[in-house]
Amino acid sequence: MYDTFLIKYGEIGLKGKNRHVFEDALAKRIGEVLSGIEGEFRVRKERGRIYVHCAGEWNEDEAIDALTHVFGIVGICPVVIYDTEDYAKLEQDMLDYVGREHPDCRATFKVKARRVNKEFPMKSMEIDAALGEAILEHFPGMKVDVHHPEILFDVEIRENVYIYSRVIPGPGGMPTGTSGRAMLLLSGGIDSPVAGWMVAKRGVVLDAVYFHAPPYTSERAKQKVVDLAKIVARYAGPIRLHVVNFTDIQLYIYDQCPHEELTIIMRRYMMRLAEHFAKQDGDIGLVTGESIGQVASQTMQSLVTTNAVCTLPVYRPLIGFDKCDIVEISEKIGTYETSILPYEDCCTIFVAKHPVTKPLLSVIERSEKKLSEKIDALFAEAVDTAETLIIE
17 MYDTFLIKYG
27 EIGLKGKNRH
37 VFEDALAKRI
47 GEVLSGIEGE
57 FRVRKERGRI
67 YVHCAGEWNE
77 DEAIDALTHV
87 FGIVGICPVV
97 IYDTEDYAKL
107 EQDMLDYVGR
117 EHPDCRATFK
127 VKARRVNKEF
137 PMKSMEIDAA
147 LGEAILEHFP
157 GMKVDVHHPE
167 ILFDVEIREN
177 VYIYSRVIPG
187 PGGMPTGTSG
197 RAMLLLSGGI
207 DSPVAGWMVA
217 KRGVVLDAVY
227 FHAPPYTSER
237 AKQKVVDLAK
247 IVARYAGPIR
257 LHVVNFTDIQ
267 LYIYDQCPHE
277 ELTIIMRRYM
287 MRLAEHFAKQ
297 DGDIGLVTGE
307 SIGQVASQTM
317 QSLVTTNAVC
327 TLPVYRPLIG
337 FDKCDIVEIS
347 EKIGTYETSI
357 LPYEDCCTIF
367 VAKHPVTKPL
377 LSVIERSEKK
387 LSEKIDALFA
397 EAVDTAETLI
407 IE
């Protein structure tokens, strides 16, 4: 019945003189995600609206699924387009739409008209009343409810008439690429994919780094992280994933440093490596899945000690979330089932029985001096042997 989607966006509409920049970014991203599915799609901007026109052998479910993964979209509306002539034609088209789109015709409804074309002879409120009366007359099972209607008929009068009554929710946020780049420390757990998703929702392009520890972590653990990156990339766009062999650094820290400090010192070297790749890729911040108090390395004191090795800002979008909040988001975005697969990452292999929860920076730095003989060479080797994957 329809071959066009009206794309609704949210806070982009508040951007003032820069609004066109965000609209262009959103239109570009829509074109990118639709290019990967069967059909011909044309994205068109028009006076505060973005339309997607579909042609060829296109699949409705695939198109909608692709659009629901585009940050910046708050609503996807299947639209039927009619010619604009006069009210008589509009009424006929409205009744045709109701009969075809809602064949049972038993519900409460409201008509909401928006007259962009000021040459149309009736005002918006007059159109609302007249069309509502016509629907009541032709469909006795329908009843008006202006406060809580089961069906809201939106009618936009432009150069054509656009009628729709279904709004499929989008993910919201800001279009990809409008807020810079950041490096995500991606593990195989529940938290970090959610953190990446949340930052990407604000328009940030993601790169990622994963710390692999063979033979203590398996290839299945690495594939698990790749699979998580693919899920996040459906929303965020292509992700450049650096797979860093961290085994030798971990073993050296394990041999040289107090065991209660293993977690925090390993974390500090992860941050150093992540920052190296971030600067190499042109990223302007690091992103982690840390939440205050969740584990020993995420107490306030531990976060201060970790931050001390970074020159780039560290963004922690989950900092005030509890685990139930994070799990709920992971289930919504589709990462949860992959995250709970039983393939351990390097963070869970070398864990102290009694890790320090309130580390002092001076004490940790003094312990790290025991690494001076070999740590620079191991760091350089980890950088040189890193594998870089482009995750689509």
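Numbered according to our numbering, the sequence shown spans residues 17 to 408.
In this text, a Cβ means the ideal position worked out from N, Cα and C, and glycines have one as well.
Asn261 and Thr401 have their alpha carbons spaced roughly 7 Å apart. Rounded to the nearest whole angstrom, the CA to CA distance from Tyr18 to Asn75 is 12 Å. Membership of Pro94 in any alpha helix (DSSP H) is not indicated; the residue belongs instead to the beta strand (DSSP E) covering 89 to 99. In the DSSP annotation of this structure, the continuous segment of the beta strand (DSSP E) that includes Val260 starts and ends at 255 to 261. By the beta-carbon neighbour count (other beta carbons within 10 angstroms, threshold 16), Pro209 is buried. The continuous beta strand (DSSP E) containing Cys70 extends over residues 65 to 71.
Under the three-state reduction of DSSP, Tyr178 is assigned to strand.
Counting other Cβ atoms within 10 Å of its Cβ, Glu56 stays below 16 and is therefore classed as exposed. Excluding residues up to 5 positions away in sequence, Ala245, Lys246, Ala249, Ile255, Leu257 lie with their Cβ nearer than 6 Å to the Cβ of Ile407 in the same chain.
Under the DSSP definition of a beta bridge, Met199 partners with Asp223, Leu302. Contact check for Cys93 against Ile23 passes: the beta carbons are separated by less than 9 Å.
Collapsing the DSSP output to three states places Pro209 in a helix. Note on geometry: alpha-carbon atoms of Leu328 and Gly301 lie some 5 Å from one another. Inter-segment contact for the region 104 to 124 and the region 168 to 184 is present: three or more beta-carbon pairs are separated by less than 8 Å.
Counted as a single uninterrupted DSSP element, the beta strand (DSSP E) harbouring Leu168 occupies residues 167 to 173. In the displayed model, Ile23 falls within a strand according to three-state DSSP. For Glu56, the secondary structure class from DSSP, reduced to helix, strand or coil, is strand. In the three-state reduction of the DSSP assignment, His228 falls in the strand class, which pools E and B.
For Glu403, the enclosing beta strand (DSSP E) stretches over residues 403 to 407. For Met214, same chain residues with a beta-carbon under 7 Å away, outside a window of 5 residues either side, are Pro333 in chain order.
Counted as a single uninterrupted DSSP element, the beta strand (DSSP E) harbouring Arg131 occupies residues 124 to 131. Taken through DSSP and simplified to helix, strand or coil, Ile143 comes out as helix. If you look at Gln239, you'll find it in the alpha helix (DSSP H) that goes 235 to 252. Per DSSP, Phe337 lies in no alpha helix (DSSP H) segment and is marked neither H nor E.
Among the bridge pairs identified by DSSP, Ile80 is matched with none.
Going by DSSP, Met316 is part of the alpha helix (DSSP H) stretching over 316 to 323. Spanning the alpha carbons of Pro165 and Pro358 requires a straight line of approximately 47 Å.
The Cβ-Cβ distance between Val372 and Ile280 falls below 9 Å. For Phe38, the enclosing alpha helix (DSSP H) stretches over residues 35 to 50.
Residue state for Glu277 is assigned as helix, using DSSP reduced to three classes. Inclusion of Gly219 and Ser195 in the CB contact set at 9 Å is warranted, their separation being smaller than that value. If you draw a straight line from the Cα of His370 to the Cα of Tyr25, it is about 49 Å long. A distance below 8 Å between beta-carbons, with the five flanking residues on each side excluded, links Gly64 to the following residues of its chain, in chain order: Gly29. Ile356 sits in coil when the DSSP states are folded into three classes, being neither helix nor strand.
Rounded to whole angstroms, the gap between the alpha carbons of Lys128 and Ala324 is 56 Å.
Cβ contact annotation for Gly47 (same chain, cutoff 6 Å, sequence separation greater than five): Val59, in chain order.
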